[in-house]
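Data block below; observations after.
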Amino acid sequence: MCPCAAAAENGHLVVIQWSREKGLPWNAATCVRAAMGGHLDVLKWAHEEHGCQWDGETCRIAAEYGHLDVLRYARENGCPWPWRCLASSSAAQGGHLELLEWALENGCPYSESMYSGAAFEGRLGILQWLYDNAYPWCADACRAAAYGGQLETLKWLHEKGCPWAANTCGNAALRGHFKCLQYAHENGCPFDEGTCANAARSGCLNSLKYAHDHGCPWDETTYVNASHSAAYFGHLEVLQFAHENGCPMAWHPETCWGATDCGHLDVLKYARANGCPWGILTYQMARNRTTPFRGNRTEILQWLRDNGCPE
Numbered sequence: 003m004c005p006c007a008a009a010a011e012n013g014h015l016v017v018i019q020w021s022r023e024k025g026l027p028w029n030a031a032t033c034v035r036a037a038m039g040g041h042l043d044v045l046k047w048a049h050e051e052h053g054c055q056w057d058g059e060t061c062r063i064a065a066e067y068g069h070l071d072v073l074r075y076a077r078e079n080g081c082p083w084p085w086r087c088l089a090s091s092s093a094a095q096g097g098h099l100e101l102l103e104w105a106l107e108n109g110c111p112y113s114e115s116m117y118s119g120a121a122f123e124g125r126l127g128i129l130q131w132l133y134d135n136a137y138p139w140c141a142d143a144c145r146a147a148a149y150g151g152q153l154e155t156l157k158w159l160h161e162k163g164c165p166w167a168a169n170t171c172g173n174a175a176l177r178g179h180f181k182c183l184q185y186a187h188e189n190g191c192p193f194d195e196g197t198c199a200n201a202a203r204s205g206c207l208n209s210l211k212y213a214h215d216h217g218c219p220w221d222e223t224t225y226v227n228a229s230h231s232a233a234y235f236g237h238l239e240v241l242q243f244a245h246e247n248g249c250p251m252a253w254h255p256e257t258c259w260g261a262t263d264c265g266h267l268d269v270l271k272y273a274r275a276n277g278c279p280w281g282i283l284t285y286q287m288a289r290n291r292t293t294p295f296r297g298n299r300t301e302i303l304q305w306l307r308d309n310g311c312p313e
């Protein structure tokens, strides 16, 4: 970040003035950072008095951070808000109702992402206002609520008639939000093909068990994700559940490498006992590691030697 932008974010106008006197450069990021901090005096000085460029990101950031005075000034002085920098969506996601109303009343276009952004952050007040004012549903709103782990928001959306997005369950599983996954499925939302794989990737055993026990299909991707989750994050129970309940096997040497690299000896033992190949890097990772070892290095090295790991 350039010095002018950093100073603008913190409202240090004197620092910006000094920087410009010394010939230091600035660009549109200076206006964006002034908007982020809500420093209208800095924005006016930079753009109005000294010609610093701005763009639609200035409006979007002002909306996201709830600075209505900054947004109003920017718009009144010609700052754009193109479709890709929708201030209305940023205001909705940030929970700034007054700013959202002003933006829509002053020409900022409606976007379905107002619903999804508010849903992801659990902004029930914003969602209620959008609903009361008859803005059409966003097909992605339920998925966003599930991805954000916003159970009460997910319930509200469903009870108000918002349609289930096709990947609502999968996104709840991906982030380990078991309660959202359970609620969605029990209220008519179908599993998508990635639900089990996403649950395994997240390391959430409850989500994986629930999906599998309720008929959600799984495949080799689920096994790969379970192996990765166990090796790198220590979620051995996820790998055990997948392996011991008939998930199609897809061992890869990376499981041994990762478990060794991350110090998860219990995972390494389980993988080897159930047919995972060593791979040529496993011993090298334990022996040559120069960064702090997450586990008992001596114990792992000894176990590798005792169990025939290729050196």
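With the first letter of the sequence shown counted as 1, position 25 gets the number 27 in the working numbering; the numbers rise by one all the way through. We put the CB at the ideal spot given by N, CA and C, even for glycine.
Per DSSP, what kind of secondary structure is D194 in: helix, strand or coil?
-> coil
In angstroms, rounded to a whole number, what distance separates the CA positions of P250 and W220?
-> 8 Å
Kindly indicate the opening and closing residues of the alpha helix (DSSP H) around G91.
-> According to the sequence displayed, residue 91 carries Ser and not Gly. From DSSP, the alpha helix (DSSP H) with S91 extends over A89 to G96.
Sequence-distant residues of the same chain with beta carbon closer than 6 Å to S92, five excluded per side = R62, A65 and E66
Alpha-carbon to alpha-carbon, E107 and V226 | 50 Å
Could you tell me the distance, in whole angstroms, from the CA atom of V269 to the CA atom of A202?
-> 15 Å
Measure the alpha-carbon distance for W259 versus E222 and round it to whole angstroms.
-> 19 Å
Check Y112 in the structure and name its three-state DSSP category.
-> coil
Assumed close pair Y285, C264 - CB separation to whole angstroms, cut-off 8 Å = At roughly 15 Å, the Cβ-Cβ gap does not stay under 8 Å, so Y285 and C264 are not in contact.
State the start and end residues of the unbroken alpha helix (DSSP H) segment that holds G172.
-> T170 to L176
Express the C-alpha separation of G68 and G58 in angstroms, rounding to a whole number.
-> 16 Å
Under the three-state reduction of DSSP, which class applies to I282: helix, strand or coil?
-> coil
How would you label W56, buried or exposed, when you count the other beta carbons within 10 angstroms and need 16 or more for buried?
-> buried
C-alpha gap between I128 and L102, whole angstroms | 9 Å
Provide the residue span of the alpha helix (DSSP H) that contains K211, from first to last.
-> L207 to D215
Exposure of I282, with buried meaning 16 or more beta-carbon neighbours within 10 Å = exposed
Quick one: Cα of F193 to Cα of T300, how far?
-> 45 Å
Count the other CB atoms within 10 Å of the CB of L26; is the residue buried (16 or more) or exposed (fewer)?
-> exposed
Report all residues from its chain with a CB closer than 8 Å to the CB of P165; omit the five preceding and five following residues, and keep chain order.
-> W139, A141 and C144
What residues in its chain sit with their C-beta under 7 Å from that of V72, if we drop five residues either side in the sequence?
-> A37, G40, L42, L45 and A64
With DSSP as the reference, label Q242 as helix, strand or coil.
-> helix
For N200, count neighbouring Cβ atoms within 10 angstroms of its own Cβ and tell me buried if that reaches 16, exposed if not.
-> buried
Check whether I70 and E100 have beta carbons under 8 Å apart | Reading off the sequence, residue 70 comes out as Leu, not Ile. Closer than 8 Å, so yes.
Any idea if Q304 is buried or exposed, counting beta-carbon neighbours within 10 angstroms, 16 or more meaning buried?
-> exposed
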